[in-house]
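*Asks:* First to last, the sequence lines map onto chains A and B. So for the first sequence, the working numbering puts the first residue at 1; every next one is plus one. So for the second sequence, the working numbering puts the first residue at 1; every next one is plus one. Positions of the beta carbon are idealized from the N, C-alpha and C atoms, including for glycine. Remember, it's a predicted structure, so these values are computed and weren't measured experimentally. Take this structure, written in structure tokens, and hold onto it; I'll ask about it next.
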Amino acid sequence: MPTTERLLEVHDLVVRFPGRRGGSITVIDGVSFDLAAGETLSLVGESGSGKTTIGRAILGLAPVTDGSISFRGETISNVPRSRRRKLASDIQVVFQDPYSSLNPSMTVESILVEPLAAAGVEGGRARVRHLLDAVGLPAGAGQRYPREFSGGQRQRVAIARALALEPAVIVCDEPTSALDVTTQATVLSLFKDLQAATGVAYLFISHDLGVVNEISDRIAVLYQGRIAEIGEAHQVATRPRHEYTHRLQMAAPVADPRKQRERREQRLALLATGPHDPGIGPLARKGDT
Amino acid sequence: MTINPETVGPEAVGSAPAVQPVKRSVIGQLLRNPQGAACLAYLALVVLIAVSAPWLAPAGPNVTDLAATNAPPLTAGHPLGGDSAGRDILDRLIWGSRQTVVAVLVVVVVSVLLGVIAGLVAGFYRGRFELVASFVTDVIMSLPGIVLLIALYALTGPNIPAAMAVFGVLIAPTYYRLVRSIVLGVRNELYVDAARVVGLSDLRIVGRHVLWAVRAPVIIQSSFVMAAAIGIEAGVSFLGLGDPAGASWGIVLQTSFNAIYNNAWAVLWPALVISLTILTLVLLGNALSDVLQSSARSKLLSPRRRHALVAAADRAKKTAPVADSALVGSSDDVVLSVRDLRIGYPTAGGVDEVVHGVDLDVRRGEIHGLVGESGSGKSQIAFSTLGILPREALILGGHVLLDGEDLLADSRLMLAARGRRIGYIPQEPMSNLDPSFTIGAQLVYGLRATRPMSKGEARRRLVELLARVGITEPERVMRLYPHQISGGMAQRVLICGAVASDPDIIVADEPTTALDVTVQAEVLELLRELSRERGLAMILVTHNLGVVADLCDTVSVMKDGRIVERADVEAIFESPRQAYTQQLLSSSRRVELMEI
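Here is the structure:
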């Protein structure tokens, strides 16, 4: 359950990467949000919106050009590598691609022991059994290699690795978008069950408003490196206040031919009447004030 | 959707596939390869001889027997004869192998230490070290090696280990370049990012994750470096830069060479030993790269073996051949039908069948959705209608009929149909455009390959069609390269290319999966309009039920290589009969915005 304790605060984050001819590209342009303990906040947006970069900046994998990121009140952006390594037990990650996020030459057990060994936790091997159990993999899985598992099972291994150090926050970067739809459903359930059991908070990054609606407490919609809209999940997903969110919502096809036909017509009408640039701002709609 | 047969199989959490024989040590794998085993045996023998030289030739390499001066082979006591100083050639070769082994070890140790470590550091940390190291590497590589070694002789006198150490330095750049380029790739792998996030030190990341990736290439490279080292050692000794009092293969060769008019046989033995050892090392390198990188090459079957496998699979199935009447589509309106199609992949024990007898009819103007999860075989069917299955795939039976003609039976018919009467829209728009040609050049080339017409005519038609598929400045876009346009635009270009030859049917393999959702909506709209305008039939392969609901008229649901349910789109969403379809639908609806 979300509490009021603020775990992670991102304030005016700016990320620039060096561009061509000595210039720079601003990927994140003044993003602020916070994440409470036990909460799920989703960052949703399309390619180029900067959602993945925010996650990587929080993990220390992307440079923070300006602004700050703090964890439990302490700044963690641009800190030395030694401090960053201590954060391993607080902030963890599940990446999108369960194929390249697991080293193919290591057994599942050695993948799961690695974070424990790095943190100097004793009795790593005994914990592995517990972790495998927590993510719904058989105990015998530890002796096998990643290639022996399906995509969904690999993603469970990656989730177990993220859980190993009992972190307070897990950054989930499109963790289900490489999975089949039935597998996605079971993995999303697993995320929810683990949150209920451990009280971990998720920063859930996705391009899919529907997935995000299913798992989040709050949603932040990103458009070209800025937050277009942030608010309670159901409200953002179903009654958006921003033009861009509305377009995202209308573009997502629904598995029902009749409803989809209606939505298609709504979408075409919206595009015909709405502003040309979806980044333009708040949506004028009756009943929303 | 992957077309790798290994991943075929239901997604079943908790029931992982049976444990396969996993990793064997490199040596173990090498011993199973006949070439590798033979090479290893030979090299082991050389090392053994070098180590046991004091027992094999207790008299030492420099005992002279004047009676044996320039003795031919098979002289009593001197099986390979004697040299110009009356020394036994066999004994000298035995002792010479010691120096050869030492020389090779020195070269490998020096070059691996320098090259691999510098490559790891430069690739992993980049920055200033990489700049300096790469500059030094370039300088070293531009030095003439053998000249440097001769110059060194002036400084150190005859000192083979020192010369070999210098040669190690000179050859280290080959390791540096190899390792650095691999590390540059590996450092961006997600598992390296994950290792950083779980708090591993850089030393452990490099030691555990990065070193593993460079291991195989370094081992393979070492085999070739050793071969080069033997050649260089022999060459340096032969030029007289070795210690004349010592024995090495090169010195034996030099001594024999000087007396070649008196005893030609004596040249043969050292030359043979040197050549054979170099050859062995090169062959070992090839065997190593076969063993360590075998997954990179797919195993292609001989036509005979393919034929035998297909015949065996046919016998196993024991079905009557499809009657001729069944080959005709169920109605005149059918453009494309697939009949009893079975596709398999060769495995160690025979054939793994991944598509088990699928039937499919597509009528004129119909958009037929083929839905299923990864491994269901849906892309296999799409690829077989285009004749673009992976090369190792086996068509075990069945027919693909275009207006009643079996495309699978005659590759010329398939060639005539593909790209002309059957268009293709791929999943990854970017990788299906050639980065070195402009959009216009590839579209014109493609169109003129299907229909003879002048370049100008082709251009004119394509510009018109590009405008039709929603590209606002077609003339300008024709002049752009693929990297200058977005993914959505690239997909429109490919759609333009697919419809340009005016096909009867289009096979679209997950055409919107790689696109953003807002772009997806536009592309779906375009496909709908094109189908309506041109009476174009379409096979739409997808895993996304929302896309199916949006676009399709008929739906076939696939699971494990079979079509489990087929109905028109309204019926399948309203009242799915099969439990699997129901499960797909409920999983899908759970993550969709049903009510807004």
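Specify the secondary structure class of residue 252 (chain A) as computed by DSSP and reduced to three states.
*Replies:* Indexing the first sequence from 1 puts residue 252 (chain A) at position 252. Coil at residue 252 (chain A), not helix or strand.
*Asks:* Starting from residue 273 (chain A), trace the alpha helix (DSSP H) in both directions and tell me its first and last residue.
*Replies:* In the first sequence, the residue the question calls residue 273 (chain A) occupies position 273. Its alpha helix (DSSP H) spans residues 257-273.
*Asks:* Counting only beta-carbon separations shorter than 9 angstroms, does residue 92 (chain A) have a partner in chain B?
*Replies:* Counted from its first residue, the first sequence places residue 92 (chain A) at position 92. Closer than 9 angstroms to some Cβ of chain B, the Cβ of residue 92 (chain A) qualifies, so yes.
*Asks:* Establish whether the CB of residue 242 (chain A) and some CB of chain B are separated by less than 9 angstroms.
*Replies:* As a first step, residue 242 (chain A) is located in the first sequence; it is residue number 242 there, counting from the start. No, because no Cβ of chain B sits closer than 9 angstroms to the Cβ of residue 242 (chain A).
*Asks:* State whether the segment 7-16 of chain A contacts the segment 62-70 of chain A, with contact taken as three or more CB pairs (one from each stretch) at a distance under 8 angstroms.
*Replies:* Yes: at least three Cβ pairs fall under 8 angstroms.
*Asks:* Throw me the rounded Cβ distance for the residue 540 (chain B) and residue 415 (chain B) pair, which I believe falls under 8 angstroms.
*Replies:* Counted from its first residue, the second sequence places residue 540 (chain B) at position 540. Counted from its first residue, the second sequence places residue 415 (chain B) at position 415. Between residue 415 (chain B) and residue 540 (chain B) the Cβ distance is about 24 angstroms, and since that is not below 8 angstroms, they are no contact.
*Asks:* Whole angstroms is fine: what's the gap from residue 451 (chain B)'s alpha carbon to residue 434 (chain B)'s?
*Replies:* Here residue 451 (chain B) refers to the residue found at position 451 of the second sequence. Here residue 434 (chain B) refers to the residue found at position 434 of the second sequence. Cα to Cα, residue 451 (chain B) sits roughly 21 angstroms from residue 434 (chain B).
*Asks:* My output table needs one value for residue 285 (chain B): the three-state DSSP class, helix, strand or coil.
*Replies:* In the second sequence, the residue the question calls residue 285 (chain B) occupies position 285. Three-state result, residue 285 (chain B): helix.
*Asks:* Is the separation between the beta-carbon of residue 105 (chain A) and that of residue 249 (chain B) shorter than 9 angstroms?
*Replies:* Numbered from its first residue, the first sequence carries residue 105 (chain A) at position 105. Numbered from its first residue, the second sequence carries residue 249 (chain B) at position 249. No. Outside cutoff.
*Asks:* Straight-line CA distance for residue 328 (chain B) to residue 591 (chain B)?
*Replies:* For the purposes of this step, residue 328 (chain B) is taken as residue 328 along the second sequence, with counting starting at 1. For the purposes of this step, residue 591 (chain B) is taken as residue 591 along the second sequence, with counting starting at 1. At residue 328 (chain B), the pLDDT of 46 sits below 50, so the modelled position is not reliable and the matter cannot be decided from this model.
*Asks:* In this structure, what does DSSP give as the bridge partners for residue 424 (chain B)?
*Replies:* By 1-based counting over the second sequence, the position of residue 424 (chain B) is 424. In DSSP, residue 424 (chain B) forms a bridge with B:507.
*Asks:* Taking the alpha carbon of residue 65 (chain B) as the point to measure from, which residue in B:55, B:76, B:132 has its own alpha carbon closest?
*Replies:* To locate residue 65 (chain B), count along the second sequence from 1; it is residue 65. Among B:55, B:76, B:132, the Cα nearest to that of residue 65 (chain B) belongs to B:76.
*Asks:* Could you give the first and the last residue of the continuous alpha helix (DSSP H) run that contains residue 94 (chain B)?
*Replies:* Locating residue 94 (chain B) in the second sequence gives position 94, counting from the first residue. Residues 89-125.
*Asks:* Kindly say whether residue 89 (chain A), judged by its beta-carbon, lies nearer than 9 angstroms to any beta-carbon of chain B.
*Replies:* Walking along the first sequence from the start, residue 89 (chain A) turns up at place 89. It does: the Cβ of residue 89 (chain A) has a partner Cβ on chain B nearer than 9 angstroms.
*Asks:* Using only the alpha-carbon positions, how far apart do residue 240 (chain B) and residue 254 (chain B) sit?
*Replies:* For the purposes of this step, residue 240 (chain B) is taken as residue 240 along the second sequence, with counting starting at 1. For the purposes of this step, residue 254 (chain B) is taken as residue 254 along the second sequence, with counting starting at 1. Whole-angstrom Cα-Cα distance: 8 angstroms.
*Asks:* Measure from the alpha carbon of residue 92 (chain A) to the alpha carbon of each residue in A:42, A:40, A:161, A:103, then state which is nearest.
*Replies:* For the purposes of this step, residue 92 (chain A) is identified with residue 92 of the first sequence, where counting begins at 1. Per the Cα distances, A:161.
*Asks:* Applying the criterion that 16 or more other CB atoms from any shown protein chain within 10 Å of the CB defines a buried residue, is residue 484 (chain B) buried or exposed?
*Replies:* Taking the second sequence and counting its residues from 1, the one referred to as residue 484 (chain B) is at position 484. Counting Cβ neighbours within 10 Å, residue 484 (chain B) comes out exposed, since fewer than 16 surround it.
*Asks:* Tell me, please, whether the CB atom of residue 17 (chain A) is closer than 9 angstroms to any CB atom in chain B?
*Replies:* Position 17 of the first sequence, counted from the first residue, corresponds to residue 17 (chain A). Residue 17 (chain A) does not count as touching chain B.
*Asks:* Please state the DSSP three-state secondary structure of residue 370 (chain B).
*Replies:* Indexing the second sequence from 1 puts residue 370 (chain B) at position 370. DSSP places residue 370 (chain B) in strand when its eight states are reduced to three.
*Asks:* Touch check for the segment 272-281 of chain B and the segment 222-237 of chain B: three-plus C-beta pairs under 8 angstroms?
*Replies:* The segment 272-281 of chain B vs the segment 222-237 of chain B: in contact.
*Asks:* Would you check if the segment 460-469 of chain B and the segment 410-429 of chain B touch, i.e. whether three or more CB-CB distances between them fall below 8 angstroms?
*Replies:* They do not touch, by the three-pair rule.
*Asks:* Which residue wins for smallest C-alpha separation from residue 158 (chain A), given the options A:198, A:108, A:76?
*Replies:* By 1-based counting over the first sequence, the position of residue 158 (chain A) is 158. It is A:108 whose Cα lies nearest to the Cα of residue 158 (chain A).
*Asks:* Closer than 7 angstroms between beta carbons: that is the criterion. Which residues of the segment 568-589 of chain B meet it against chain A?
*Replies:* Going along the segment 568-589 of chain B in chain order, one finds 569, 570, 573, 583, 584, 585, 587, 588, 589 with a Cβ nearer than 7 angstroms to chain A.
*Asks:* To the nearest angstrom, how far is it from the Cα of residue 553 (chain B) to the Cα of residue 398 (chain B)?
*Replies:* To locate residue 553 (chain B), count along the second sequence from 1; it is residue 553. To locate residue 398 (chain B), count along the second sequence from 1; it is residue 398. About 25 angstroms.
*Asks:* From residue 389 (chain B) to residue 510 (chain B), what distance separates their C-alpha atoms?
*Replies:* The count along the second sequence starts at 1 and reaches residue 389 (chain B) at position 389. The count along the second sequence starts at 1 and reaches residue 510 (chain B) at position 510. Their backbone Cα atoms lie some 16 angstroms apart in a straight line.
*Asks:* Show which residues of chain B have a CB atom less than 9 angstroms away from the CB atom of residue 71 (chain A).
*Replies:* The residue you call residue 71 (chain A) lines up with position 71 of the first sequence. The premise fails here: residue 71 (chain A) is roughly 14 angstroms from chain B at the closest Cβ pair, so nothing lies under 9 angstroms.
*Asks:* Could you check what DSSP says for residue 334 (chain B) in three-state terms: helix, strand or coil?
*Replies:* Counted from its first residue, the second sequence places residue 334 (chain B) at position 334. The answer is strand: DSSP assigns residue 334 (chain B) an E or B state.
*Asks:* Helix, strand or coil: which one does DSSP assign to residue 74 (chain A)?
*Replies:* The residue given as residue 74 (chain A) occupies position 74 in the first sequence. The answer is strand: DSSP assigns residue 74 (chain A) an E or B state.
*Asks:* Can you tell which of B:345, B:519, B:500, B:507 has the C-alpha that lies nearest to the C-alpha of residue 449 (chain B)?
*Replies:* On the second sequence, position 449 is the one that residue 449 (chain B) refers to. For residue 449 (chain B), the nearest C-alpha among the options comes from B:500.
*Asks:* Does the beta-carbon of residue 51 (chain A) have 16 or more other beta-carbons within 10 angstroms, so that it is buried, or is it exposed?
*Replies:* Within the first sequence, numbered from 1, the residue matching residue 51 (chain A) stands at position 51. By the 10 Å Cβ count, residue 51 (chain A) comes out buried.
*Asks:* Where does residue 551 (chain B) land, buried or exposed, given buried means 16+ other C-beta within 10 angstroms?
*Replies:* Against the second sequence, residue 551 (chain B) aligns to sequence position 551. The residue is buried, with at least 16 neighbouring Cβ atoms inside 10 Å.
*Asks:* Determine, for residue 560 (chain B), whether the minimum Cβ-Cβ distance to residues of chain A falls below 9 angstroms.
*Replies:* One-based indexing of the second sequence puts residue 560 (chain B) at position 560. So no, residue 560 (chain B) is outside the interface.
*Asks:* Could you check the C-alpha separation between residue 578 (chain B) and residue 395 (chain B) for me, to the nearest Å?
*Replies:* Numbered from its first residue, the second sequence carries residue 578 (chain B) at position 578. Numbered from its first residue, the second sequence carries residue 395 (chain B) at position 395. The straight-line gap from Cα to Cα measures roughly 28 angstroms.
*Asks:* Using a Cβ-Cβ cutoff of 8 angstroms, what residues of the segment 193-208 of chain A are near chain B? List them in chain order.
*Replies:* Answer in chain order: 207, 208.
*Asks:* Is residue 552 (chain B) helix, strand or coil by DSSP?
*Replies:* Residue mapping note: residue 552 (chain B) aligns to position 552 of the second sequence, counting from 1. It is coil, neither helix nor strand.
*Asks:* Hey, how far is the Cα of residue 71 (chain B) from the Cα of residue 82 (chain B)?
*Replies:* Locating residue 71 (chain B) in the second sequence gives position 71, counting from the first residue. Locating residue 82 (chain B) in the second sequence gives position 82, counting from the first residue. One C-alpha to the other measures close to 5 angstroms.
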